[in-house]
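Q: Quick one: the structure is below, questions incoming.
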Amino acid sequence: MLRTVYADLSELFQALATDGEEWAPTGCRGWAVHDLAFHLLGDARRALVGLATPAPGPADRDAVTYWRAWEPPEPGNDEALRRSRAVASTAVAFADLVEDYAETTAAVLVAAGRVPAGERVRTQGWVLEVDQLLSTLVVEAAVHHLDLVAHLDRPGPAADVLAEVRRVLEGLAGGPLSARWDDATAARRSTGREPLSDEDRAELGVRAEAFPLFG
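Be aware that the sequence shown starts at 47, since it is given in this note's numbering, and climbs by one per residue.
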């Protein structure tokens, strides 16, 4: 799945660069395509560091619990978003960013193939088994892929990738998400990119209080 989502994003970035859409809006509040590409490059670099950082002891996070620390900013608190955008807009030209992303994600896939799935590694202060780390990378990339195409007529993530996002979200929610939601809708509503309707809240019951499940 990681190979699929990385390949799809690289293809999307190349198309957006060709069509001059680097400053198109996205579904990530306050960020354009260029900003989100810079953020995703950072996550690919996180992957390389994590895969090269073995960790002793038991894992203290898995593919689901990793996300409990990532809450969306409070409404009106956009300082981190503005800071990230300022860095992204001056750091590198979009064409170079697209090339860096393709090269870095290719390196991640090679590194991931060399580390056993059950080996423990460290990322952002937590210890995860490698297969659990790879799931976090898939989810991060897939949710932001949805952000990238939110206002564009471009293809979204692959079906198996979105199914993994839903699996993780259902783990965070403590049970199944609405059968009325397709997997893309589940991703958007569970992360606050679309509001829950009254019908959604009635169906979720007390679990609705936990939404958005991560930012």
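Don't be surprised by glycine CBs; every beta carbon is placed ideally from N, CA and C.
#1: Assign Gln-270 to buried or exposed, taking buried as 16 or more other Cβ atoms, counted over all protein chains shown, within 10 Å of its Cβ.
#2: Helix, strand or coil, according to DSSP, for Val-51 in the structure here?
#3: Using the Cβ count rule (16 or more neighbours within 10 Å means buried), how would you classify His-197?
#4: Return helix, strand or coil for Thr-72, following the three-state DSSP convention.
#5: Contact between the region 147 to 161 and the region 69 to 80: three or more CB pairs below 8 Å?
#6: Would you call the region 196 to 213 and the region 232 to 245 touching, i.e. three or more CB-CB distances under 8 Å?
#7: Using the beta-carbon count (16 or more within 10 Å), is Arg-160 buried or exposed?
#8: Can His-190 be considered in contact with the ligand NAP, in the sense that its beta carbon sits closer than 7 Å to one or more heavy atoms?
#9: Going residue by residue through the region 148 to 228, where are the continuous alpha helix (DSSP H) segments of at least 4 residues, counting only ones entirely within it?
#10: Along the alpha helix (DSSP H) that carries Leu-94, what are the first and last residues, could you check?
#11: Should Thr-99 and Val-154 be called a contact, given that it needs their Cβ atoms to be closer than 8 Å?
#12: Are Cys-74 and Asp-193 touching if we call contact CB-CB under 8 Å?
#13: Do you know offhand how far Ala-205's Cα is from Tyr-52's?
#14: On a CA-only basis, which of Leu-86, Trp-227, Pro-241, Ala-158 is nearest Glu-175? Give me that one, please.
#15: Quick one: Cα of Ala-187 to Cα of Leu-55, how far?
A: Taking the structure as given:
#1: Outside the displayed range of the chain (47 to 261) lies residue 270, so it cannot be described from this structure.
#2: Residue numbering aside, residue 51 sits at position 5 when the sequence shown is read from its first letter. Three-state result, Val-51: helix.
#3: Position 151 of the sequence shown holds residue 197. Classification of His-197: exposed, given that the 10 Å Cβ count is below 16.
#4: Indexing the sequence shown from 1 puts residue 72 at position 26. Three-state DSSP puts Thr-72 in coil, outside helix and strand.
#5: no
#6: yes
#7: Indexing the sequence shown from 1 puts residue 160 at position 114. Label assigned to Arg-160: exposed.
#8: This structure simply doesn't include the ligand NAP, nor any ligand for that matter.
#9: 176 to 194, 205 to 219
#10: By 1-based counting over the sequence shown, the position of residue 94 is 48. Counting along the chain, the alpha helix (DSSP H) containing Leu-94 begins and ends at 79 to 97.
#11: Counting from 1 along the sequence shown, the entry for residue 99 is found at position 53. Counting from 1 along the sequence shown, the entry for residue 154 is found at position 108. No, Cβ-Cβ distance for Thr-99 and Val-154 is not below 8 Å.
#12: Sequence index remark: in the sequence shown, residue 74 carries index 28 (1-based). Sequence index remark: in the sequence shown, residue 193 carries index 147 (1-based). Going by C-beta atoms, Cys-74 is nearer than 8 Å to Asp-193.
#13: The count along the sequence shown starts at 1 and reaches residue 205 at position 159. The count along the sequence shown starts at 1 and reaches residue 52 at position 6. It is roughly 14 Å from the alpha-carbon of Ala-205 to the alpha-carbon of Tyr-52.
#14: For the purposes of this step, residue 175 is taken as the residue at position 129 of the sequence shown. For Glu-175, the nearest C-alpha among the options comes from Ala-158.
#15: On the sequence shown, residue 187 is found 141 positions in, with the first residue counted as 1. On the sequence shown, residue 55 is found 9 positions in, with the first residue counted as 1. Answer to the nearest angstrom: the Cα atoms are 8 Å apart.
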